[in-house]
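**Q**
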Amino acid sequence: GTDAGAALGDTWKVLTQLIDTGTVTTEENAVERIVGTVATILGVVIFSMLIAFITTRLDQILYNLRRGKSRVIESGHTLILGWSDRVVDVVRELIIANESQSRAVIVILADVDKELMDDVVHARLPDTRTTRVVVRSGCPSSLRDLARVNAAGARSAIVLATCSEYASAADKEVSDTLSIKIILALQAMWLPGENFPVIAEIYDAAKRDLVNADESGKVLSIDSWDIMGRLFAQTSLTSGLEIVYSEMLSFDGCELYFYKADWHGVRFGDLPGHFRDGVPLAIHEPASGAITTKPPREHVMADSEEIIVLAQDDSALRFSRKKLYSAVACTRIENHRLQTRRRILVLGWHPIGNVVVREYAGYLAAGSSITIVHRSPDEALEAFVHSMAGGPLEITLESGDPRQVDVLQGLDPFGYDTILILSQDAGQFDAEKVDGDTLMILLILRRLAVCLEGSARKTTILTQVFNSENQELLTRTDADDFIISNRLITMMLAQLSEQPGIKRFYDDLFSEEGSEIYIKPAGLYFGSLPVTKSFIEIMACADARDEICLGWRIGSLRRDSTRNFGVTLDPPKTQTVTLTEDDFLVVLAEDAG
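Residue 85 in our numbering sits at position 86 of the sequence shown; the count goes up by one each step and never skips.
1) Going along the chain, which residues of its own chain have a beta-carbon closer than 6 Å to the beta-carbon of E589, five neighbours each way excluded?
2) Would you call the stretch 116-130 in contact with the stretch 78-92, where contact means no fewer than 3 C-beta pairs closer than 8 Å?
3) Taking DSSP as the reference, what is the three-state secondary structure of I231?
4) Could you give the distance in angstroms between the alpha-carbon of K233 and the alpha-carbon of R143?
5) Measuring only the C-alpha atoms, how far is N97 from N485?
6) Bridge partners of Q463, per DSSP?
7) Any C-beta of chain D sitting closer than 9 Å to the C-beta of L78?
8) Please report the straight-line C-alpha distance between A511 and E358, rounded to a whole angstrom.
9) Could you pull out every residue in the same chain whose Cβ sits closer than 7 Å to the Cβ of M439, ignoring the five residues on either side in sequence?
10) Restricting to Cα atoms, I'd like to know which of L248, E305 and L323 is closest to G272.
11) Considering only the beta carbon of each residue, do T292 and A310 sit closer than 9 Å?
12) Write down every uninterrupted run of the alpha helix (DSSP H) in the stretch 137-205 whose length is 4 residues or greater and which is fully enclosed by it, in chain order.
13) If you draw a straight line from the C-alpha of G192 to the C-alpha of F525, how long is it?
14) Using a Cβ distance threshold of 8 Å, determine whether the stretch 430-450 contacts the stretch 396-412, with at least three qualifying pairs required.
15) So the candidates are S238, A150, I553 and N563; which of them puts its Cα closest to the Cα of T575?
16) So, helix, strand or coil for K532, using DSSP?
17) With V182 and V210 assumed to form a contact (beta carbons below 8 Å), what rounded beta-carbon distance in angstroms separates them?
18) Using 9 Å as the threshold, is the C-beta distance between V586 and L549 below it?
19) Find the nearest neighbour of A184 within the set A541, E378, V530 and N149, judged by alpha-carbon distance.
20) According to the neighbour-count rule (16 or more other Cβ atoms, all chains shown, within 10 Å of its Cβ), is A382 buried or exposed?
21) Using CA atoms only, rank isn't needed, just tell me which of A360, E246 and F504 is closest to I95.
22) Taking 7 Å as the limit between beta carbons, can you name the residues of its chain near T462, skipping five residues before and five after?
23) With the cut-off set at 9 Å, would you say L78 and A153 are in Cβ contact?
24) Once the 5 residues before and after V134 are set aside, which same chain residues still bring their CB inside 7 Å of it?
25) Whose CA, out of T54, K532 and I343, lies closest to the CA of F413?
26) Between which two residues does the beta strand (DSSP E) containing G550 stretch?
27) Tell me which same chain residues have a C-beta within less than 7 Å of the C-beta of D170, skipping the five on either side of it?
28) Under a Cβ-count criterion, where at least 16 other Cβ atoms within 10 Å of its own Cβ denotes burial, should A168 be classed as buried or exposed?
29) Does the Cβ-Cβ distance between V299 and G264 come in under 9 Å?
30) S245 lies in the alpha helix (DSSP H); which residues open and close that run?
31) Tell me, please, which residues DSSP counts as bridged to A96.
32) Could you tell me which uninterrupted beta strand (DSSP E) segments, each at least 3 residues in length, are contained entirely in the stretch 97-135, listed from first to last along the chain?
33) Comparing C-alpha positions only, which one of D545, A315 and A289 sits nearest to D569?
34) Between the C-alpha atoms of G390 and V355, what's the straight-line distance to the nearest angstrom?
35) Whole angstroms are fine: how far does the CA of A166 sit from the CA of D175?
36) Could you round the C-beta distance between A521 and D424 to whole angstroms and report it? I think they count as a contact, below 8 Å.
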């Protein structure tokens, strides 16, 4: 016992010597002095190594934090994979969508320096409201990097293209290949029975078909150019339609929702009277995924069916078995808008024009004309014009630089019904340079328009702007010039990440076949104007023409940005409005007549 106690005492002395390296032994015994000295030296060495290790480890942790190499512990987040000029607009839309959540998270993973991503996000989105934006640097197709951002626990994922639509074919091929690798990596991260939606930008049609054939139904790809081309065609023919689409696609204002209830055998045409808020537009069959836009009003709702409804907020959607509103049956007014020949001027060219012109062939009256002006037409453009010869449209190609004032003035641009401004250089892949040329032409047109008296200018000008900040600048200048920018595509990407099933509805809506959204003169629906009606009464008058009314546009407010340029969608059913000859109804219909 004595020996054991002595051993413990000696061990304690050595340990204290190691811990407190400033302690010097006072023992007279030589052995103890030697042991004490060695313990002191070892203590200095050991603690120096420990300090070095801790310092190195802390430096590594701080480095990983700065470089975006640390792990993400959140779950239920929206994952954005890749970095492009669309990312800020996508994040902006998701922030609006997340306002009803107290602690939402968006995680961005891209092969870009974290500090650069942080600077861009914080500079352009200083207020993220209830959403926290986390950025990480890494390869989006790497399973290891996807694990770092907890991809398996994500709510949805958006895969961004690495280049813009104006990029070269080689760059697009690289972008598509990377997107497919990312999709495969995400599928490998899926947990059994917990597949989350994956929305991807893919340019090549064959690759899109391959992705969309995914058996899970959770992977969707979109063709930005095709969507943009269809939007160009529709919005250029209907003034104010871009404002309607902007509100529908955005999370700010009215949105589209899926809604299911025990319908109790109610007819589709009677559904508006059973909702305090909301305009039913289509029927969705969840079992097959089929969507029927503007079904017959006599269709009896089955309990297995859902509706797609335009509403201010899904929290206010409530189906009442008892009818809440009844409108006096409206007599059908046999007024029709005659389809007239239209003259369209296209300044510049880009492959998106192929989509626009082909869409025009389905919308315009026979004999309508399209004049294309380009400073250096190439063989591809000449071949396209030649291929359209003999069709319902008269297409001519002229050589000239629309950026020159005298050239543009010589074209008599305001003698046309519509002017489209596209890229001025087919080989230009810099979006800012494309925007610069487009804005220059638009400013020249506005200068020429000053010479026209009052409202003599009836020409609709449609421009494509890639930087959404440029769009905001021009919208504040003149709201009658409609501008299609990246924002509409980013709105769709964000909305599909929340509701992927809505894609089929948009595919139908943007097609020339079936029903589309039109903005029609109020005079088509009433025998005489002005007239004061409630929204439910206006819906009844549209229903008499086999159309669904979504709202109205007041012509006197078409330049007022604070009043949404006169467009009001899904107002309260009892709200009244006085409609004049200058006002319009926003309707879902099968034709523009």
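Idealized CB from N, CA, C, for every residue including glycine.
**A** Well, looking at it:
1) S514
2) yes
3) Here residue 231 is Phe; the residue named in the question, Ile, does not match the sequence. It is helical.
4) The sequence given here has Gln at residue 233, not Lys. Their Cα atoms are separated by approximately 44 Å.
5) 21 Å
6) I483
7) In summary, chain D is missing from the structure at hand, where a single protein chain is found.
8) It should be noted that the sequence gives Glu, not Ala, for residue 511. So the alpha carbons of these two residues sit roughly 7 Å apart.
9) Answer for M439: R402, listed in chain order.
10) Ranking L248, E305 and L323 by Cα distance to G272 puts L323 first.
11) Cβ atoms of T292 and A310: not closer than 9 Å.
12) 142-147 and 168-188
13) G192 and F525: Cα-Cα distance of roughly 54 Å.
14) yes
15) I553
16) It is a strand residue.
17) Checking the displayed sequence, the identity of residue 182 turns out to be Ile instead of Val. About 6 Å separates the beta carbon of I182 from that of V210, a gap short enough to meet the 8 Å contact definition.
18) yes
19) N149
20) exposed
21) Measuring from the Cα of I95, the nearest candidate turns out to be E246.
22) Taken in chain order, the residues that qualify are I420, T437, L441, D480 and I482.
23) With respect to the 9 Å criterion, L78 and A153 are classified as neighbours on the basis of their beta carbons.
24) In its chain, beyond the 5 residues on either side, G67, I107, K113, M116, D117 and V120 have a beta carbon closer than 7 Å to the beta carbon of V134.
25) Out of T54, K532 and I343, I343 has the C-alpha closest to the C-alpha of F413.
26) I547 to R552
27) Only residues of its own chain outside the window of five on either side were considered, and among them C162 have a CB closer than 7 Å to the CB of D170, listed in chain order.
28) So A168 ends up on the exposed side.
29) yes
30) Taken as a continuous stretch (DSSP letters only), the alpha helix (DSSP H) holding S245 covers L240 to L248.
31) DSSP output for A96 lists no bridge partner at all.
32) 103-109
33) A315
34) 15 Å
35) One C-alpha to the other measures close to 12 Å.
36) Actually they do not touch by this definition, with Cβ atoms about 43 Å apart.
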